[in-house]
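Residue numbers (my numbering): 15 to 268.
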């Protein structure tokens with residue numbers, strides 16, 4: 015589904031990525047792990063079109079998206095969350111979902127203006143999707159609260175819901191479990207597995223190693239801008255390079 019090949023990116027004289035390559039199979043849960051500064055978020059940003067790359071190629075479902083902007087990439091079926099959740103802080107959860115969904119069903123304001131019937135139908139579909147999303151993520155009790163009043167955990171779930179409103183085939187999650195306690199982590203685990211069963215492919219960055227190893231089908235380990243290991247969770251956990259560069263450091267930062 016996704017092939018990012020030989021990706022290189024420098025910021026000034028600092029090399030953030032040096033020939034990193036990852037491949038994500040359709041219907042899988044794939045994880046990127048590694049110490050702070052390994053290049054994981056830069057790779058995410060490159061794949062999603064937020065930073066131009068110096069070298070390499072990015073292909074999604076057979077289409078070269080290397081030089082597309084984020085909006086064009088969303089149209090191709092890829093959505094991503096951020097470490098710091100985004101959204102409109104003065105608007106309610108419901109309003110944020112409706113805005114996110116409206117972006118995915120109308121081609122442009124001008125199209126909507128001259129297609130009132132189509133717009134009304136799209137709004138009904140968006141409303142149904144927003145209601146379903148609130149239910150699936152157990153967010154109904156905060157539907158009418160503004161984002162600015164929510165807890166960090168609720169904001170993360172709303173961020174996931176907002177990105178799912180664009181109906182992606184590939185969802186990229188940047189540290190979705192950050193700050194979660196055991197109950198929230200278990201809920202997130204079940205939710206991501208349900209996304210997989212619904213046909214949505216997931217690529218995630220996560221600092222919680224036990225969460226990743228218990229969830230992912232395939233794991234890539236980055237260090238100093240390069241992939242140093244990959245494989246299923248058991249294989250990666252036993253890899254000597256991973257143990258010395260990541261697990262053996264005694265921290266779980268991604």
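Ideal Cβ positions, reconstructed from N, Cα and C, are used throughout, including at glycine.
Supposed contact pair residue j and residue i - C-beta distance, whole angstroms, cut 8 angstroms
i, j, result
"residue 43", "residue 206", "6 angstroms"
"residue 172", "residue 153", "7 angstroms"
"residue 84", "residue 52", "Wrong, their Cβ atoms sit about 23 angstroms apart, outside the cutoff."
Contacting residues, own chain, Cβ-Cβ under 8 angstroms from residue i (five flanking each side not counted)
i, result
"residue 259", "48, 49, 235, 237, 242"
"residue 65", "23, 56, 59"
Close beta carbons around residue i, own chain, < 7 angstroms, minus the five adjacent residues each side
i, result
"residue 158", "106, 108"
"residue 13", "Past the edges of the chain, shown from 15 to 268, lies residue 13, and the structure says nothing about it."
"residue 209", "185, 216"
"residue 227", "247, 251"
Inter-residue Cα distance where the pair is residue i and residue j
i, j, result
"residue 221", "residue 90", "28 angstroms"
"residue 218", "residue 194", "16 angstroms"
"residue 99", "residue 93", "13 angstroms"
"residue 35", "residue 202", "27 angstroms"
"residue 213", "residue 38", "14 angstroms"
"residue 304", "residue 67", "This structure cannot settle anything about residue 304, because the visible part of the chain is limited to 15 through 268."
"residue 244", "residue 16", "16 angstroms"
"residue 240", "residue 71", "15 angstroms"
Host beta strand (DSSP E) of residue i (start-end)
i, result
"residue 86", "Note, residue 86: premise wrong, no beta strand (DSSP E); alpha helix (DSSP H) at 84-89."
"residue 160", "Residue 160 -> no beta strand (DSSP E), and no H or E assigned at all."
"residue 44", "43-47"
Three-state secondary structure (DSSP) of residue i
i, result
"residue 26", "coil"
"residue 115", "helix"
"residue 177", "helix"
"residue 186", "strand"
"residue 214", "coil"
"residue 20", "strand"
"residue 31", "strand"
"residue 57", "helix"
"residue 92", "strand"
"residue 65", "coil"
N- and C-terminal bounds of the alpha helix (DSSP H) containing residue i
i, result
"residue 251", "247-252"
"residue 79", "No alpha helix (DSSP H) contains residue 79, which DSSP labels as neither H nor E."
"residue 226", "223-227"
"residue 237", "No alpha helix (DSSP H) contains residue 237, which is instead part of the beta strand (DSSP E) from 232-237."
Neighbourhood of residue i by C-beta distance below 6 angstroms, restricted to the same chain and skipping five residues each side
i, result
"residue 114", "176, 179"
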